[in-house]
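*Asks:* Quick note: to get the numbering used here, add 403 to the position in the sequence shown (first position is 1).
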Amino acid sequence: MKQIDPSRLELVLHPDPVLRRTAARVERFDGTLEKIAARMLELMRQHKGIGLAAPQVGLSIRLFVFNVTGEPGDDCVCINPELTELAGDVEGEEGCLSLPDVTVQMHRAATCRMRAQDLTGKAFERAGTELAARCWQHELDHLNGKLIIDNMSEADKIANRRALKQLEGKPKKSAAR
Ligand code: ZN
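#1: Following the continuous alpha helix (DSSP H) through residue 437, name the residue where it begins and the one where it ends.
#2: Can we count residue 499 as close to ligand 1, meaning its CB is less than 6 angstroms from some heavy atom?
#3: Relative to the alpha-carbon of residue 510, which residue among 530, 554, 517 and 545 has its alpha-carbon at the smallest distance?
#4: Can you give, in chain order, each stretch of the beta strand (DSSP E) that sits fully within the stretch 494-538 and has at least 3 residues?
#5: Residue 520 and residue 482 look like a contact to me (Cβ under 8 angstroms); what is the Cβ gap, rounded to whole Å?
#6: Give me the DSSP bridge partner(s) of residue 464.
#7: By Cβ distance below 8 angstroms, which residues in the same chain neighbour residue 436 in space, the five residues on each side in sequence not counted?
#8: Which same chain residues, not among the five before or five after residue 563, have their C-beta less than 6 angstroms away from its C-beta?
#9: Which residue comes first and which comes last in the beta strand (DSSP E) that contains residue 485?
#10: Going by other Cβ atoms of all chains shown within 10 Å of its Cβ, with 16 needed for buried, is residue 533 buried or exposed?
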């Protein structure tokens, strides 16, 4: 990992190319990683998200943080996460901190299990339902370079056209021609 100051990490928005890269496995568990996770939790809270993946702060590494209850004690850092036993199918609206004002109807597995490592490199496993399961699948997509806008229906495309245009910086039609 290149030299970075974790306290200066900021949210990265679409269409930044870092959001499209497949993130690399974390091999070194050190103090820098801890500071990165702390800053990500801070940004997640600031922007009222329930999850944030490292590519969303410009780092292409397999790490995400989440907290689906908002209780500080429920902050969780997941490193090199893998999802197993994905089951069921629920449709729900999703947003993304890298895509302000965009919401997409997404099909996700209703339940799943996650195997990951904590900040010390210790493996842990958790079962997820509802919001947690949805959040993990969303964050794991980020680590594989996928975004919610990759799965838009025609209705989603129309509803999000203006917000996406703004983000992608396409010139807006001028009122006076
Ligand atoms: Zn997202």
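Beta carbons: idealized from backbone N, C-alpha and C, even for Gly.
*Replies:* The short version:
#1: 434-449
#2: In this structure, residue 499 has its beta carbon less than 6 angstroms from a heavy atom of ligand 1.
#3: 554
#4: 507-511, 514-520 and 526-532
#5: 4 angstroms
#6: 427
#7: 429, 466, 482 and 522
#8: Only residues of its own chain outside the window of five on either side were considered, and among them 505 have a CB closer than 6 angstroms to the CB of residue 563, listed in chain order.
#9: 479-490
#10: exposed
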